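The structure appears right after this line, and notes come after that.
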Amino acid sequence: MSVLLFTIIVLVGAFLAGLLGSLTGLGGGVIIIPLLTLGLGVDIHYAIGASIISVIATSSGSAAAYVKEGITNVRIGMFLEIATTASAIVGVIIATYIKADYIIVIFGFILLFSAFMMLRKKVDHSNNEKTSILANYFKLNGSYPTESGPKQYAVHHVVGGFAMMFIAGTLSGLLGIGSGALKVIGMDNIMKIPFKVSTTTSNFMIGVTASASALVYLHKGQIDPAIAMPVTIGVITGATIGAKILIRTKTDKLKVIFAIVVTFLALQMIYKGLTGAA
Amino acid sequence: MSRQIKHYLGDKDVQIILGTLLRVGVIVSTSVVLLGGIIFLMNHTHQSISYADFKPEEAKFSSVAEIFKGLKTIDGLAIIQFGVLLLIFTPIARVVFSIFSFLMEKDYMYVLIGIIVLCVIITSLYLDVAH
Numbered sequence: 014m015s016v017l018l019f020t021i022i023v024l025v026g027a028f029l030a031g032l033l034g035s036l037t038g039l040g041g042g043v044i045i046i047p048l049l050t051l052g053l054g055v056d057i058h059y060a061i062g063a064s065i066i067s068v069i070a071t072s073s074g075s076a077a078a079y080v081k082e083g084i085t086n087v088r089i090g091m092f093l094e095i096a097t098t099a100s101a102i103v104g105v106i107i108a109t110y111i112k113a114d115y116i117i118v119i120f121g122f123i124l125l126f127s128a129f130m131m132l133r134k135k136v137d138h139s140n141n142e143k144t145s146i147l148a149n150y151f152k153l154n155g156s157y158p159t160e161s162g163p164k165q166y167a168v169h170h171v172v173g174g175f176a177m178m179f180i181a182g183t184l185s186g187l188l189g190i191g192s193g194a195l196k197v198i199g200m201d202n203i204m205k206i207p208f209k210v211s212t213t214t215s216n217f218m219i220g221v222t223a224s225a226s227a228l229v230y231l232h233k234g235q236i237d238p239a240i241a242m243p244v245t246i247g248v249i250t251g252a253t254i255g256a257k258i259l260i261r262t263k264t265d266k267l268k269v270i271f272a273i274v275v276t277f278l279a280l281q282m283i284y285k286g287l288t289g290a291a
Numbered sequence: 234m235s236r237q238i239k240h241y242l243g244d245k246d247v248q249i250i251l252g253t254l255l256r257v258g259v260i261v262s263t264s265v266v267l268l269g270g271i272i273f274l275m276n277h278t279h280q281s282i283s284y285a286d287f288k289p290e291e292a293k294f295s296s297v298a299e300i301f302k303g304l305k306t307i308d309g310l311a312i313i314q315f316g317v318l319l320l321i322f323t324p325i326a327r328v329v330f331s332i333f334s335f336l337m338e339k340d341y342m343y344v345l346i347g348i349i350v351l352c353v354i355i356t357s358l359y360l361d362v363a364h
């Protein structure tokens, strides 16, 4: 394939990945990796390197839009980043020692899980019962502005949340994805942080975690500039336009269609990994 | 009460600076990637490429030092990789920025937590994993 054709295909694909990623809340990485591996026959190592860059691009792009609303809890983010960054590096190291086929299969299962999580109805478990000793000690409880004044919330199960972030970080480093679905479980379900806070805070963490992994991937030669170029430009353009459409569109139907597509891609990745048809 | 309002306004300022930092980081890095991409495409439009096999030994710009060396010769791929590097450093700049804002708030526990996170990231910058 010529450089020009390759660049154009990846550019269009990355644009769609960024657009759909921001409309459905599923990150760009879950589409970039199947596009490159299944669609263009790119080796999984390069696909992961390109994906981690797209994760940083989406995270920073949407974070710039979110911070104006002032609801990111920087303390929660920073505290949990100890777990996510350290485990991301562990994930990259694991990736060095296990067979690429296994990585493809694990990716397929995470993809299935993400599709399921996207469709699941989210329930806000937040309350203001400041019972956790650790949450008080680390000053994690906070408040966010609402129309009727600041609303207080308390953080629960700090140890469980921290452990979940360790798993999320490991998978992020291993697969080159943001692990948004796992971070949501950790923050919404275990730590009972309100949506308004968990969405932006997890986005903050995703960017920082991906940076740690990306630097290791760079040294391993997995970030190829000729792939990273169309991926970065495509994802950022797509995500920016997606964020603008999102404000005035309902995405329920789109999520169902997208979940079906993602499930199909996931099964194909699992099949590819199991048969070793790389 | 008045102290609380003041504190909140202070936070708002921090948020605005942070938003600007992120936006500038994304715009600058994308522009650099685009510039490098144009230079690269002008010279290699019809060259054939294949990524079917992972060849780490052929990776030209896989360290900060190599990227800067490539920049001097105005190599398109090195410029792209420099843009990618700027993109990677955007969230890291956010961590550094947060550490300073904790320092201003005199929250030394979080200054320390921030420094720990930064140290982990710096470790990744020097980590040489065997291929």
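Chains D and V, in that order, are what the protein sequence lines are. Going left to right, the first sequence walks through residues 14 to 291 as our numbering numbers them. Going left to right, the second sequence walks through residues 234 to 364 as our numbering numbers them. Even glycine gets a Cβ: it sits at the ideal position worked out from N, Cα and C. Since this is a predicted model, take the numbers as computed values, not measurements.
Would you say residue i and residue j are within 7 Å of each other, going by their C-beta atoms?
i	j	result
Ala-63(D)	Gly-182(D)	no
Met-200(D)	Gly-270(V)	no
Val-265(V)	Phe-315(V)	yes
Met-91(D)	Gly-258(V)	no
Gly-41(D)	Ser-67(D)	yes
Ser-283(V)	Ser-15(D)	no
Val-344(V)	Val-328(V)	no
Asp-114(D)	Phe-287(V)	no
Ser-72(D)	Ile-240(D)	no
Val-197(D)	Ser-357(V)	no
Val-275(D)	Ala-128(D)	yes
Per DSSP, what kind of secondary structure is residue i in: helix, strand or coil?
i	result
Ser-145(D)	coil
Gln-280(V)	coil
His-240(V)	Because the pLDDT of His-240(V) is 48, which lies under 50, any placement of that residue in the model is unreliable, and the question is left without a value.
Gly-155(D)	strand
Gly-289(D)	coil
Gly-3(D)	In this structure chain D extends from 14 to 291, so residue 3(D) is not present and cannot be described.
Gln-165(D)	strand
Ser-15(D)	strand
Phe-315(V)	helix
Rounding to the nearest angstrom, what Cα-Cα distance links residue i and residue j in this structure?
i	j	result
Leu-24(D)	Ile-332(V)	36 Å
Arg-88(D)	Leu-49(D)	36 Å
Met-177(D)	Gly-191(D)	14 Å
Ala-272(D)	Thr-264(D)	12 Å
Phe-301(V)	Ala-311(V)	8 Å
Ala-326(V)	Ile-116(D)	31 Å
Ile-203(D)	Leu-124(D)	21 Å
Met-337(V)	Ile-250(V)	15 Å
Ile-206(D)	Ile-249(D)	28 Å
Leu-268(V)	Ile-354(V)	28 Å
Tyr-341(V)	Phe-330(V)	14 Å
Pro-163(D)	Ile-22(D)	47 Å
Asp-237(D)	Ile-270(D)	32 Å
Tyr-166(D)	Phe-126(D)	29 Å
Gly-54(D)	Pro-47(D)	9 Å
Exposed or buried, what is residue i when buried is set at 16 or more other beta-carbons lying within 10 Å of its beta-carbon?
i	result
Asn-216(D)	buried
Ala-108(D)	buried
Pro-289(V)	exposed
Val-317(V)	buried
Leu-280(D)	exposed
Ala-256(D)	buried
Tyr-359(V)	exposed
Any heavy atom of the ligand HEM closer than 6 Å to the beta-carbon of residue i?
i	result
Ala-113(D)	Absence of the ligand HEM from the depicted structure is noted, as is the absence of any ligand whatsoever, leaving it without description.
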